[in-house]
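Engineer: Please read through the structure below; I'll follow up with questions.
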Amino acid sequence: MNGPLLTVTHLTARHGLLTAVREMSLTVRAGEVVSLVGANGAGKSTLLRTIAGAHPATAGHIALGGRDVTGMRAYQRVREGIALVPEGRRLFPDLTVEENLLVAAGRSRTTRWDLDRVLAAFPMLRPLLRQRASSLSGGQQQATAIARALLTGPRLLLVDEVSLGLSPAAVADVYASLATLAAEGVTMILVEQDLTRAMSAAGRVVCLREGQMVLAQPADAVTRQQVVDAYFGIR
Ligand code: ATP
Numbered sequence: 001m002n003g004p005l006l007t008v009t010h011l012t013a014r015h016g017l018l019t020a021v022r023e024m025s026l027t028v029r030a031g032e033v034v035s036l037v038g039a040n041g042a043g044k045s046t047l048l049r050t051i052a053g054a055h056p057a058t059a060g061h062i063a064l065g066g067r068d069v070t071g072m073r074a075y076q077r078v079r080e081g082i083a084l085v086p087e088g089r090r091l092f093p094d095l096t097v098e099e100n101l102l103v104a105a106g107r108s109r110t111t112r113w114d115l116d117r118v119l120a121a122f123p124m125l126r127p128l129l130r131q132r133a134s135s136l137s138g139g140q141q142q143a144t145a146i147a148r149a150l151l152t153g154p155r156l157l158l159v160d161e162v163s164l165g166l167s168p169a170a171v172a173d174v175y176a177s178l179a180t181l182a183a184e185g186v187t188m189i190l191v192e193q194d195l196t197r198a199m200s201a202a203g204r205v206v207c208l209r210e211g212q213m214v215l216a217q218p219a220d221a222v223t224r225q226q227v228v229d230a231y232f233g234i235r
């Protein structure tokens, strides 16, 4: 495939009168990992949800692999290869881990990710397969939610608030699994509040402020202070 995997062009998304994402343009290449950072309310979740079709675009376009998906419903975008791990993970609490995973498996557009391959990336889930999702720790729930998204066979994996509410050990486990996925060439956009994690996990850091992109740099070409300054709008 020539050109970027994801192309977002002049995208605007609103909540009523509030413009949460303002004329944003962003491209992501296949195999790239992008960390999306920014203060509370900067528009990170709205951007991810709009790319996934969980929130409507007011203006602009979203294309995956050169195909315009802007007018598609969320389930159609899953078929096109966009998978969202939403904030809060949204598992089925009364189903087991295995059942939560298999709910997604039927929707796979490719056979690239089967249960065995997903469990190789998330080994912590193997002994938990028969446990109900409601009994899991936060880190186990996040792993299950990411594994479930992978089973849809995505070309682009969007993970909102990767480490929100997780213990440091659980954050380390989830990032170890994300590093495995990155090494396998999975294209990801990660929303992450922890700048150190955001910068170490991704090839590129994108910072939003008030719905606009204020920084987009290779992670190794920018200092933490530059990201902090962009985050708070200090020049
Ligand atoms: P957070 O880290 O707090 O989730 P964020 O960067 O993901 O922040 P968004 O959740 O996208 O930001 O929110 C962007 C703006 O849109 C904020 O001003 C927020 O208050 C507003 N907003 C988000 N969701 C809604 C909603 N459902 N209804 C009304 N306003 C909303």
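Under full-length UniProt numbering, the residue at position 116 of the sequence shown is numbered 116, and the numbers go up by one with no gaps. Glycine included, every Cβ here is placed at the ideal spot set by N, Cα and C. Being a predicted model, the structure only gives us computed values, none of them experimental.
Can you give me the start and stop residues for the beta strand (DSSP E) that E23 sits inside?
Structural biologist: Per DSSP, E23 belongs to the beta strand (DSSP E) from 18-28.
Engineer: Pick from L6, R14, H10, R89: whose alpha carbon is nearest that of A63?
Structural biologist: Residue L6 is the option with its Cα nearest to A63.
Engineer: Take A149 as the anchor and find which of V37, Q76, N100 has the nearest alpha-carbon.
Structural biologist: For A149, the nearest C-alpha among the options comes from N100.
Engineer: Where does the unbroken beta strand (DSSP E) through P218 begin, and where does it stop?
Structural biologist: Here the beta strand (DSSP E) through P218 covers 212-218.
Engineer: Within 10 angstroms of the Cβ of E184, are there 16 or more other Cβ atoms? Answer buried if so, exposed if not.
Structural biologist: With fewer than 16 Cβ atoms within 10 Å of its Cβ, E184 is classed as exposed.
Engineer: Looking only at DSSP bridge pairs, what is T96 linked to?
Structural biologist: The partner list for T96 (beta bridge, DSSP) reads R132.
Engineer: Please name the residue or residues paired with I82 in a DSSP beta bridge.
Structural biologist: DSSP output for I82 lists L156 as bridge partner(s).
Engineer: When you measure from the CB of G203 to every non-hydrogen atom of the ligand ATP, does any distance come out below 7 Å?
Structural biologist: No - the ligand ATP has no heavy atom lying nearer than 7 Å to the Cβ of G203.
Engineer: Roughly how many angstroms separate the alpha carbons of V222 and R204, rounded to a whole number?
Structural biologist: Each residue's Cα considered, the two are about 9 Å apart.
Engineer: Taking the CB atoms as reference points, tell me whether L215 and V206 lie closer together than 8 Å.
Structural biologist: Against a cut-off of 8 Å, the Cβ pair of V206 and L215 comes out as a contact.
Engineer: Which term fits R77, buried or exposed, when burial requires 16 or more other beta carbons within 10 angstroms of its beta carbon?
Structural biologist: Result: buried.
Engineer: Determine, using beta carbons only, whether L47 and M24 come nearer to each other than 8 Å.
Structural biologist: Yes, the Cβ-Cβ distance between L47 and M24 is below 8 Å.
Engineer: Where does M188 sit, in a helix, a strand or coil, going by DSSP?
Structural biologist: Strand, per DSSP.
Engineer: Please classify V228: is it buried, with 16 or more other beta-carbons within 10 angstroms of its beta-carbon, or exposed?
Structural biologist: Exposed, since its Cβ has fewer than 16 Cβ neighbours within 10 Å.
Engineer: For the segment 52-66 against the segment 123-141, are there 3 or more C-beta pairs whose distance is under 8 Å?
Structural biologist: Verdict: no, contact absent.
Engineer: Would you mind working out which of L84, A133, T180, S163 sits nearest E98, comparing C-alpha positions?
Structural biologist: Answer by Cα proximity: A133.
Engineer: Measuring CA to CA, which of G38, D173, T19 is closest to A121?
Structural biologist: Looking at the Cα atoms, D173 is the closest of the given residues.
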